[in-house]
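Read through the structure below, which is laid out as structure tokens, and then see the notes.
In this note's numbering, the protein residues as written are 157 to 421.
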């Protein structure tokens, strides 16, 4: 475990130095991320100037869904961005190098790119979430407050595990086909639907986002649990789903490596 942390820390330092060397470009990317985040907050606020609720949720609750989406998505981007580079690693021959290292190949690839710009973006998201929580949980007792926040954090972590599993499945497909760009951007388009409560969508789309492509479980369930409207059955389902997807993704990944053809072949 200590060795893996040491390797991760060295890779993180290398990524930071690379981004610092291109600091003007990095500042441009960071500015773009923050502007997009602010625009969505303004958009949500503008909606509630004309209506009082959206699918039964008030402004503060919809803001919570949006902030939770960003928490889960940014953490996944921060730690697993290296999986986006699998196609390039295969084409350039770096995959061969990762496979012969005395490390888990999936860990090595996942940690290949640590995006500190996402970390800087995460800070205002966490601050706004912290400001919002007392307004949503004010009437609760100390014990209820602790349990709601604990469940919220556990389901956020659960969402990150689901996001990682989906990334691994996409990376496994890339190892076989060497084509990732279309699939990963399809994922990005679908996951963006989680910015708002899935209750705003049609019944068929809600079913798909829960059982087909579990974006709702990733980013909507934590918010629903925090405000006390998520049933025990759905809480259990969320953890079981994450466990199942984690096992499935690792098995698919191992199977894909058996079909990997070296660039030198």
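Glycine included, C-beta positions come from ideal geometry on N, C-alpha and C. The model shown is predicted, which means the values in this text are computed figures rather than measured ones.
Delimiting residues of the alpha helix (DSSP H) encompassing residue i
i: residue 383; result: It is not in any alpha helix (DSSP H) - residue 383 carries neither H nor E in the DSSP assignment.
i: residue 314; result: 298 to 333
i: residue 367; result: Neither: residue 367 is in no alpha helix (DSSP H) and is coded neither H nor E.
For residue i, the three-state DSSP class (helix, strand or coil)
i: residue 213; result: strand
i: residue 208; result: coil
i: residue 415; result: coil
i: residue 268; result: coil
i: residue 226; result: helix
i: residue 249; result: coil
i: residue 240; result: helix
i: residue 174; result: helix
i: residue 203; result: helix
i: residue 157; result: coil
i: residue 233; result: helix
i: residue 399; result: helix
i: residue 181; result: helix
i: residue 259; result: coil
i: residue 254; result: helix
i: residue 286; result: helix
Status (buried if at least 16 other CB within 10 Å, exposed otherwise) for residue i
i: residue 353; result: buried
i: residue 397; result: buried
i: residue 206; result: exposed
i: residue 192; result: exposed
i: residue 374; result: buried
i: residue 392; result: exposed
i: residue 237; result: buried
Identity of the residue in the options nearest residue i by Cα
i: residue 405; options: 339, 305, 346, 318; result: 318
i: residue 280; options: 159, 259, 194; result: 194
i: residue 161; options: 260, 383, 391, 210; result: 260
i: residue 414; options: 328, 350, 342; result: 328
i: residue 411; options: 188, 247, 324; result: 324
i: residue 369; options: 241, 321, 198; result: 321
i: residue 302; options: 338, 243, 383, 284; result: 383
i: residue 239; options: 381, 401, 339; result: 339
i: residue 216; options: 380, 402, 388, 416; result: 380
i: residue 274; options: 375, 187, 196; result: 187
i: residue 371; options: 351, 211, 234; result: 351
i: residue 269; options: 294, 409, 245; result: 245
i: residue 222; options: 211, 200, 204; result: 200
i: residue 241; options: 229, 264, 257; result: 264
i: residue 226; options: 312, 271, 169; result: 312
Closer than 7 Å: residue i CB and nearest the ligand NAP heavy atom
i: residue 311; result: In the structure shown, the ligand NAP is absent, as is every other ligand, since no ligand is present at all.
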